[in-house]
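These protein sequence lines are chains A and B, in that order. Just so you know, we're using our numbering here: the first sequence kicks off at 1 and counts up by one. Just so you know, we're using our numbering here: the second sequence kicks off at 436 and counts up by one. Just below is one structure, and these are the notes that go with it.
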Amino acid sequence: MTAAAPLFSESYRPAFAEFVANRREPDAIARLRREAFDRFQTLGWPTRQQEAWRLTDLSALQTIAWRQPADALVEAGALPTLEGPTHRLVFVNGRFAPGLSRLPKLPDGALITSLGQALTTHLERIEPYLDRLPGLERHPFAALNTAFWEDGAFVYLPCGTVVEEPIHLVFYAAGSDVTVHPRLLLALEGNAQATVVVEYRGQGRYLNVPLAELALGTGAVLHYHQIQEEAPQAFHLGAIRVRQARDSVANLHLLSLGGQLARADLDVLLDGEDAQCALNGLTLARDQQYGDYHVRVEHAQPHGASEQRFKSVLDGKARSVFDGMIHVRPGAQKTDARQTSRNLLLSKQAQAQANPRLEILADDVKCGHGSTTGFLDPDAEFYLRARGIPATQARALLVHAFANDNLNQIRLTPLRERLARLLAARLALDLAEGK
Amino acid sequence: MLEIRNLHVTVEDREILKGIDLTIRPGETHAIMGPNGSGKSTLANVIAGRDGYTVTEGEIRFDGKNLLEMDPETRACEGLFLAFQYPVEIPGVANLYFLKAAVNAVRKYRGEPPVDAMDFWDLVHERMELVKMDESMLKRSVNEGFSGGEKKRNEVFQMAVLQPRFAVLDETDSGLDIDALKVVADGVNALRNPERGFLVITHYQRLLDYIVPDHVHVLVNGKIARSGGKELALELEAQGYALYNEEPGRARRAAA
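Here you go:
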């Protein structure tokens, strides 16, 4: 082990002491931080001897002495935008940037705001949810986020509130060897509806440890999109907790593009009857990039439906991991749970690993999973070339078709179109040639 | 326009074509008939430029140019078309998008600007009627979920849109019922003109009732055993390939 290794367990302690000493916040929140920090200390930095971290090589992070970030100035032009009216919150290095944010008028009782600010104004709305959702109890970085988050987004929609405009949450990180812990807390009360777009971007070599908590009340509908486009040298170790009440619908679209190492752990609990959840994930990785999704969907009540559709496109020496668990509790009869992992390798050095896992403790359920990994179909490539389409364009077309299938699931048109353009540019495919 | 001279082709070190000579002039339609494994599809694939076939001897010239030096897309851009025996399904690529990409690739090769959207739409509609294709097939992914007949019609439709100067039809009749066969044959016949050449590869004489060839060649064990007029097809229908039967199925086994 290198000399830097202990930094991640022991020397976090003075950093944490200093961090909490400088914060003025409610006792309840301070207590959550202390508990989370203790949990992080107990869990320790993950090692590859642990099953959940067996495939994720964190050694590159462990040689770096991570620091708390300074304030950074970001040009508005460096930030992603969405066409059309949006509610927009921007966070730079985990701190709210009101000058870059834009918040149109909201329905009565609805909140889209800085979580740090809301601690003083709406603590009663936050407390029932913050760090209260089950899941990821043994995830050290979820604990680390709860210990160290400075700020983040808080979205609260009371019963029956529908916010039509997308809620655009941009988390930008900048600096060298800094670590940021942005937080998102979203609570939809009964029958509330929201469309959320979370974007992670940055510059420099940083470690992003975000945690998103999504609570859906009875009949609530959430369209959640997360675009991870971190800087090329960055590390991303994110986590998402979702709890769904009866009849709620959660559609999560996850796109992983950036960073040298990116992993997101998702823990979804279908905690009411007839809850529906769709997880649609796409990883594009090249060079030495590593992209990893660890997903757990737990059916706790009858008549739930879940679908996990994860894909990766890997070039160069890129690697992807998909570890997906479907857990059906004994009482969760009539569950319909599906999972697929499809991986396209563009080079012989690329590598995809899929670990589908099922734990079915009920006897009247439909559960299925499938996994494929392969190269581009040479017959399809020849077919296109035999019609005059040059080889490079033919390959790009086939990759685009493979990946675009996931993007087409996105109903938010400006985002879908932006991502389709990004995909095309990344594949160096001139859409104008065919369109 | 297509000249094949002493063509020898191996697949995985087995010789499949053993010296083919064939000349097709503009406006002519030639048929190649032969039993399974005689090398018919090998000939089609070598002309189109598919990987996995090694030409050990001989040459193919297309309008005087050395075809074997061109990659598949260049051959297509030069005006060559292969109607596939087994059209490939390409999920996620819409038929219309694919066709436009193909048309524009050919135009770019010729130094022409991309096709005008309205002109393209008119052309596509006109050609769709030729093969009685439903408009909904344009929006569907290329060949995905198409029936056998729809796939073959889609091949002829593509040919009708791309308007090649020379087309190879590789067992375009296989898997078609008689109605679909007539539609496909009508589509091909509508494209026949004094400038365009066709090479129709088939196992059965049936297709040649509808696409009447100028010349018929019998391919057996990698060689053209006999050539003649359209009446040769009828003779084969009556007598079968038994007369030519020496080691049938060699090519099929080697290619498998």
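Glycine included, C-beta positions come from ideal geometry on N, C-alpha and C.
- For Leu517(B), the residues of chain A that pass the 8 angstroms Cβ criterion are Ala386, in the order they occur in the chain.
- When Cβ-Cβ separations below 7 angstroms define contact, Asn343(A) makes no contact with chain B.
- With at least 16 other beta carbons inside 10 angstroms of its own, Ile646(B) counts as buried.
- When DSSP assignments are scanned along the segment 126–170 of chain A, the uninterrupted stretches of alpha helix (DSSP H) that are 4 or more residues long and fall wholly within it turn out to be 140–148.
- About 6 angstroms separates the beta carbons of Leu111(A) and His122(A), which is inside the 8 angstroms limit, making them a contact pair.
- When C-alpha distances from Asp57(A) are compared across Phe235(A), Leu257(A), Met325(A), the shortest belongs to Phe235(A).
- In the DSSP annotation of this structure, the continuous segment of the alpha helix (DSSP H) that includes Thr509(B) starts and ends at 507–512.
- Sequence-distant partners of Leu186(A) (beyond 5 residues in either direction) whose C-beta falls short of 6 angstroms from its own C-beta, in its chain, are Val155, Leu214.
- In terms of Cβ geometry, Phe592(B) and Met568(B) form a close pair [threshold 7 angstroms].
- Between the alpha carbons of Met468(B) and Glu381(A) lies a gap of roughly 28 angstroms.
- Ile410(A) and Leu73(A) have their alpha carbons spaced roughly 32 angstroms apart.
- Here Gln308(A) is not near Gln353(A), since their CB atoms are 7 angstroms or more apart.
- The segment 486–495 of chain B and the segment 537–553 of chain B do not touch, with fewer than 3 CB-CB distances between them shorter than 8 angstroms.
- No residue range can be given for Gln68(A), since it is assigned to no alpha helix (DSSP H) and is classified by DSSP as neither H nor E.
- Not a single C-beta of chain B is nearer than 7 angstroms to the C-beta of Asp336(A).
- For Met568(B), the three-state secondary structure derived from DSSP is coil.
- Within the model, the alpha-carbon separation for Gln351(A) versus Leu237(A) is close to 20 angstroms.
- Contact of Gly527(B) with chain A is assigned, a C-beta pair being separated by under 7 angstroms.
- Exclusion of the five residues before and after Leu611(B) leaves Gly583, Gly584, Lys587, Val619 as the residues of its chain whose Cβ lies within less than 8 angstroms of its Cβ.
- Contact of Ala537(B) with chain A is assigned, a C-beta pair being separated by under 7 angstroms.
- A Cβ of chain B is located within less than 7 angstroms of the beta carbon of Ile389(A).
- Under DSSP, Gln351(A) takes part in a beta bridge, and its partners are Arg319(A).
- A Cβ-Cβ distance of about 20 angstroms is found for the pair Phe601(B) and Asn589(B), leaving them out of contact under the 8 angstroms criterion.
- Under the three-pair Cβ rule at 8 angstroms, the segment 294–304 of chain A counts as touching the segment 261–281 of chain A.
- Residues of chain A whose Cβ lies closer than 9 angstroms to the Cβ of Ala511(B) are, in chain order, Arg385, Ala386, Arg387, Gly388, Ile389.
- The beta-carbon distance between Val242(A) and Leu55(A), rounded to whole angstroms, is 23 angstroms. This is too long to meet the 8 angstroms contact definition.
- At a cut-off of 7 angstroms, the C-beta of Asn280(A) has no neighbouring C-beta in chain B.
- Residues of the same chain with a CB within less than 6 angstroms of the CB of Ala318(A), apart from the 5 flanking positions on each side, are Ala285, Arg286, Gln289, Ala350 in chain order.
- Here Glu83(A) has Pro414 as same chain residues with Cβ atoms under 7 angstroms from its own Cβ, once five neighbours each way along the sequence are excluded.
- Cβ contact annotation for Ile525(B) (same chain, cutoff 8 angstroms, sequence separation greater than five): Phe533, Ser576, Val577, Asn578, Glu579, in chain order.
- Distance between Ile167(A) and Gly258(A), taken at the CA atoms: about 22 angstroms.
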